[in-house]
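Per this note's numbering, the sequence shown starts with residue 44, numbered consecutively.
The C-beta atom is built at its ideal place from N, Cα and C for all residues, glycine as well.
Notes follow the structure.
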Amino acid sequence: MNDEIRQKVTLGPLEILLDLLSLPPNGLVASFVLLAFVLVACELLRIGLTTELTRSAFVHVTICFLTVVIQSVLLGGVLVYASYRHPGRGWINLAVAFALFVVWYAAGASTRLVRKHNEGADVGFMTVGGLITFPAGIVAALLFH
C-alpha cells in the first residue's frame, strides 16, 4: 500500500471530525447533531454512573467532570477552533452554542426522570459552563472577525 492511500485511510476520519468541529457553513446541521450527541451522551453516562456506583470517589469526580467541565470546555474549544477556521462567523457560532446549551439543559432535565436528586439541568452548573464556554467564544469572535 502506498503512502498516499495509507495517509487517507488513517487521517480521513480525523479530518472529517475536525471539519465537523469547525462548524462549517455547509455542514452546520451535521456539526450540531454531533455536538448534541456528545452532550446527551455525557448526561446519560453521568446518570448511569450515579445510579450504579454511588459510593466511589473516582466515579464522583468523573460525574463532576461530566456534569460541567467536559461539555463546556468542548464547546469553548469548538467555538475558538470554528472562529479560527471560518473567520467572521464567530457570532453565528455563539448562537449555535446557545442552542446546544438548550439541548444540554433538556438532556439534564430528562435525567431527573431517572433520579430526582441529581445535578442534571442545574442552573448553577449551567452558569459555570456558560462562564467557561461563552467568554472563549466571544474572544474568538472578536479576534477572528
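Next on the checklist: Could you check whether Thr176 and Gly119 sit closer than 8 Å to each other, using their CB atoms as the reference points?
Outcome noted: yes
Item to check | Nearest neighbour of Ser74, chosen from Tyr124, Leu109, Leu92, Thr93 [CA to CA] | outcome: Tyr124
Next on the checklist: For a test of the three-state rule: what should DSSP assign to Phe168, helix, strand or coil?
Outcome noted: helix
Checklist entry - Secondary structure at His160, three-state DSSP: helix, strand or coil? => result coil
Item to check | Rounded separation between Pro56 and His103 - CA only | outcome: 33 Å
Item to check | Unbroken alpha helix (DSSP H) run spanning Leu143, endpoints | outcome: 133 to 153
Checklist entry - Can you tell me whether DSSP reads Thr94 as helix, strand or coil? => result helix
Checklist entry - Do Gly180 and Leu137 have their CB atoms nearer than 8 Å? => result yes
Checklist entry - Is Thr97 buried or exposed, if buried means 16 or more other CB atoms sit within 10 Å of its CB? => result exposed
Item to check | Where the alpha helix (DSSP H) through Phe187 begins and ends | outcome: Counting along the chain, Phe187 falls outside any alpha helix (DSSP H), and DSSP gives it neither H nor E.
Item to check | Ile90 beta carbon less than 8 Å from that of Val157 | outcome: yes
Checklist entry - Helix or strand or just coil, what does DSSP make of Pro178? => result helix
Checklist entry - Gly167: buried (16+ other C-beta within 10 angstroms of its C-beta) or exposed? => result exposed
Checklist entry - Out of Val111, Ser126, Gln114, which has the shortest C-alpha to C-alpha gap to Ser65? => result Ser126
Checklist entry - Cβ of Gly55 less than 8 Å from any chain C Cβ? => result No chain C is present in this structure, which holds just one protein chain.
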